[in-house]
Amino acid sequence: MRTVNSLIGSPIERLEDLRFLRGRGQYVDDLARQDMLHAAILRSSVAHGRIRAIDVASARALAGVHSVITAKEIGNRVPRVPMRLQPLPDFEPFAQPVIAESKVRYVGEALAVVLADTPAIAEDALGLIEIDIEPLPPVADRQASAKDASLLFEEAGTNRAITFRAVRGDVAAAFAGAPYVRRERLRTQRHMALPLEPRGLLAEWDATRGRLTIYGGAKVLFFNRRTLAKQLGVPESAIDIVENDVGGGFGARGEFYPEDFLIPFAARLAGRPVKWTEDRREHLMCMNHAREAECDVEIACTRDGTILGLRGHAYVDVGAYMRTNGAVGARNVAQFMSGPYRIPHIDIDVALQLTNKTPVGTYRGPGRFETDFFRERLLDMVAQDLGLDRVEFRRRNLVSQQEMPYQIATITPFESKDELDSGDYHATLDRCLEEIKWSEKSKLAGKLIDGRYHGLAVGCFIEGGAAGPKESARIVLEPDGGYSVYVGSSAIGQGLETVFAQIAADALEVTIDRLRGVFHGSTFYVDDGYGAYHSRSVVMGGSAILDAATKLREAIRVQAAERLNCEPAEVEIVEGVKAVGPGGKAVALTELSSISAEGAFLNKKHTYTYGAHAAHVAVDPKLGHVELLDYVLVADCGRIINPLTVHGQAVGSLVQGLGGAMMEHLAYDQEGQLLTGSLADYLIPTASDFPNLRAIVLENHPSPINPLGAKGAGEGGIIAAGGVMANAVANALSALGVQPRELPLTPTRIWELVQAAQSNKKSA
Amino acid sequence: MSVRFRVNGREVEVDVEPRLTLADCLRHHLRLTGTHVGCEHGVCGACTVLVDGAAVRSCLMLAVQAEGAEVVTVEGLSSDAELTPLQKSFRKHHALQCGFCTPGMITTAHALLSEEPNCDAARVREVLSGNLCRCTGYIPIVEAVLEARAAYQPNERASDRSGNRA
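The following block contains the structure:
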């Protein structure tokens, strides 16, 4: 059977499913070792305080306890969690020690690690540790943070980690002559990725060989290995980090957390394997939070709806420390406020304010979910002010295909220019309107039907992908004629094994069953891997695999040419089975000595998937309840490798976005106590919440920046959900003049907005 | 203390602490790691197993409470030879991504379809609303369960739908 180029673009059922469906996935907590110790971590219950004493004597004395580790056991200077992205010197004063040294700065910060024979004994021992902390005034929100009255880092003299600024054109001139200006203050709430598998690690120290093996790696294993090697003072080559099956990432899993030092350190100290699995409460307190942002922005327009400029200030609550990718969300809040629209003049700064809350990091669509809410809300308000049609207003200002590549605002410091790569933004908007039957449903907008107001909204998004600098791959022709594919990308549940198998098999011109496997993530598969973030795996890893396949085929030709006494260029590889030379002389590939080839893909540009969302809701003004009657997402993802998985990404991320829009909230009180420490308090969507939604995924405009033509996909569903749902609710309640300016749109919040609007009307 | 029960048709006897949950007993004492633990407080449903035919959260049940019971885990609803109709339907509809919630979805759906092979979409959503999934948005899971109903009709052989044994 001829299989050339038939796999890419086909809805191949996933290879991973065969083990997951049978309960044979192997997640890190599924592993066990002889003689293994279990770790449990004592976490601060005080948001801000000075550590006076930690008494671990009783815990150490408990039968079954092996040891208790505090900052003292770690040595003179406790290592810090580094910045992986935007590693500016400005952030260094705010780095997190891997275990609390002299102060605690958020509820959940690690104070001590207990190693014991069973997890239960380790947890029992936590209760025996006596902690004496002198409480300091907690910094509970960004306003308190900006006052600098109580400082998280006294020596830094400020709670502001940095201010980023995004600039394009000359905003002052644009506003000087503007016929219309509107200023708004809008806010998104702290919430988080919440993958279903809690974090975990298993570390083994081999004293005789001086080697560490760590299971439970994800996302950026090579960076984490580099970091750990420095911290432990061992060569990188002495550490292997293994990627097991991973129960979801969404940006949060796999970053270097304090435990990524503590557990390997404990294993070396104890000379025995150490396993740690967090519980859900720890997960909610310790894994990266995200999305807590506020803006105070002005938009300038002509009266007929051409956007002239956007300026103002944004504030991001980054929590207690700057760690790994904690600046990305804030950076994106500044750079992507303009989204897919042509806004010629921009000047937005964003202040990163430290508070006594869990540190933040990226969560699917970082900074983009926030800015889509800000911008799309603003656009609907402007359209209403100017009496413009909401759709026409958007259409007029979307970046057109002729303007590609389109330069967006530049960020300073850490100067970062970026451009939108390709696409027809108007086409996805039109398709979205058509799918939801906009013109027909428009008649329902604002109507009260059976006690509920109907509302309609549409919004547009862009989604960045394909972060560089590099990805590596290696393909081996095995002695049995099969092929093994190794790649530096990481699988976090998104189906990489299948998608990469499709790319590799097509490139090698073989059927998928000729692949012995796609081996990814772990630090021993390739020399230098870069992992999975910024929707980069298909573009970066996929292109590296293409390169390796091309080089492998060339290497096969060279070796076969020697056997066939001809030039390599004269050799044809037939169906990946044999090499045929001039005159039909052939050699089976199984007869060649083992051949392997390394490939790489280097990239400095980004891909931009784009599209539109539209929603139809019914809002009960008495209960504040919103029912989603219909929702359509249209996205153009460049060239699609597997329609089944990319569609799954779209729908899945959309429902996650609806969670952020409607229900999810990591609430804190003024003492810095997390009020939502269980899944009974932190609500995420269930099967009955959003049954009516659809995603349409297109591949009309391949990316020009990579050989596959692919774009990063999987975040577009989440990005526009907040803005579109808020606009739909505003549209439904337009008779009452309700304007949501904050998420999530819980029944309580909507009920309060309705009450306030009604009492305003009465008093007017 | 010692507890005896049947798991996936096999008689087992385990020596456990009274406070050990059934989930931890299955995972760490019997090495049946297909049952996953996502929250340990009965909300996420990843640890769902069948106890005497009923879908039960094994993180909310102590191992000692399983004395004399018939426990079936996702491994017991699987076969080496090929996927069951329910599993095939999950695969076809791309009803799983990271796979962590999947065993709980399979056990819950199997219990539902065994009791109510003609349930409608609303009923499927109601029952599955006790199982959290963070990847799929649930739409394909509901589609997969609805399509698998055909295999649970009374005229279909039980062994065909539940792997090696049921």
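Respectively, the protein sequence lines represent chains U and W.
Note that our numbering numbers the first sequence so that position 702 is 702, with each residue one more than the last.
Note that our numbering numbers the second sequence so that position 78 is 78, with each residue one more than the last.
From the three backbone atoms N, C-alpha and C, an ideal C-beta is built for every residue, glycine too.
Bear in mind that the values here come from a model prediction, so they are computed numbers and not experimental data.
Buried or exposed: which applies to residue i, given that a residue is buried once 16 or more other Cβ atoms fall within 10 Å of its Cβ?
i	result
P85(W)	buried
A81(W)	exposed
R2(U)	With a pLDDT of 46 at R2(U), under the threshold of 50, the predicted position of this residue should be treated as unreliable, and no value is reported.
R639(U)	buried
Q494(U)	buried
S489(U)	buried
R190(U)	buried
I449(U)	exposed
K357(U)	buried
N727(U)	buried
P258(U)	buried
K447(U)	exposed
V558(U)	exposed
In three-state terms, what does DSSP make of residue i?
i	result
D260(U)	helix
K103(U)	strand
M105(W)	helix
I492(U)	coil
K88(W)	helix
G99(W)	coil
I684(U)	coil
A252(U)	coil
V46(U)	coil
H647(U)	helix
Q407(U)	strand
S67(U)	strand
H28(W)	helix
I641(U)	coil
I139(W)	helix
M662(U)	helix
V71(W)	strand
A218(U)	coil
V787(U)	Chain U is shown from 1 up to 764; residue 787(U) falls before or after that span and cannot be answered.
V145(W)	helix
A150(W)	helix
G76(W)	helix
I239(U)	strand
I8(U)	coil
Note the first and the last residue of the continuous alpha helix (DSSP H) segment covering residue i.
i	result
I121(U)	P119 to L126
H283(U)	R280 to C286
V127(W)	A121 to L128
E742(U)	From DSSP, E742(U) is part of no alpha helix (DSSP H); its letter is neither H nor E.
T748(U)	P747 to S763
A81(W)	Note, A81(W): premise wrong, no alpha helix (DSSP H); not H, not E.
A57(U)	A57 to A61
Residue i and residue j: beta carbons closer than 8 Å?
i	j	result
K585(U)	L602(U)	no
A695(U)	A650(U)	yes
V655(U)	P685(U)	yes
I436(U)	L7(U)	no
D137(U)	H48(U)	The sequence given here has Pro at residue 137(U), not Asp. Closer than 8 Å, so yes.
A409(U)	V360(U)	no
E567(U)	C637(U)	no
I51(U)	A110(U)	no
Are any of the Cβ atoms in chain C nearer than 8 Å to that of residue i?
i	result
G68(W)	Absent here is chain C; the protein component of the structure consists of chains U and W.
Along the chain, where does the beta strand (DSSP E) that runs through residue i open and close?
i	result
E40(W)	Taken as a continuous stretch (DSSP letters only), E40(W) belongs to no beta strand (DSSP E), as it is neither H nor E.
A112(U)	A110 to A116
V7(W)	S2 to V7
L679(U)	Unbroken run through L679(U): none, as it is neither H nor E.
| query | What residue ranges within the region 352–386 of chain U form continuous alpha helix (DSSP H) runs of no fewer than 4 residues, ordered along the chain? | reply | Listed in chain order, the complete alpha helix (DSSP H) runs (minimum 4 residues) inside the region 352–386 of chain U are 368–386.
| 3 or more residues per run - each beta strand (DSSP E) lying fully within the region 72–103 of chain U | Not a single unbroken stretch of the beta strand (DSSP E) spanning 3 or more residues falls wholly within the region 72–103 of chain U.
| At which residue ranges does the region 540–625 of chain U contain complete beta strand (DSSP E) runs of 3 or more residues, listed in the order of the chain? | 572–574, 578–580, 586–588, 595–602 and 607–620
| Unbroken stretches of the beta strand (DSSP E), 3 residues or longer, contained in the region 129–180 of chain U | 130–135 and 160–168
| field | 4 or more residues per run - each alpha helix (DSSP H) lying fully within the region 423–509 of chain U | value | Unbroken alpha helix (DSSP H) runs of no fewer than 4 residues, entirely contained in the region 423–509 of chain U, are found at 425–436, 438–441 and 496–508, following chain order.
| message | What ranges does the alpha helix (DSSP H) occupy inside the region 697–734 of chain U, keeping only unbroken runs of at least 4 residues that lie completely in it? | response | 716–719 and 721–732
| task | Could you pull out every unbroken alpha helix (DSSP H) segment of at least 4 residues lying fully inside the region 262–343 of chain U, listed in chain order? | result | 280–286 and 328–335
| query | At which residue ranges does the region 178–211 of chain U contain complete alpha helix (DSSP H) runs of 4 or more residues, listed in the order of the chain? | reply | none
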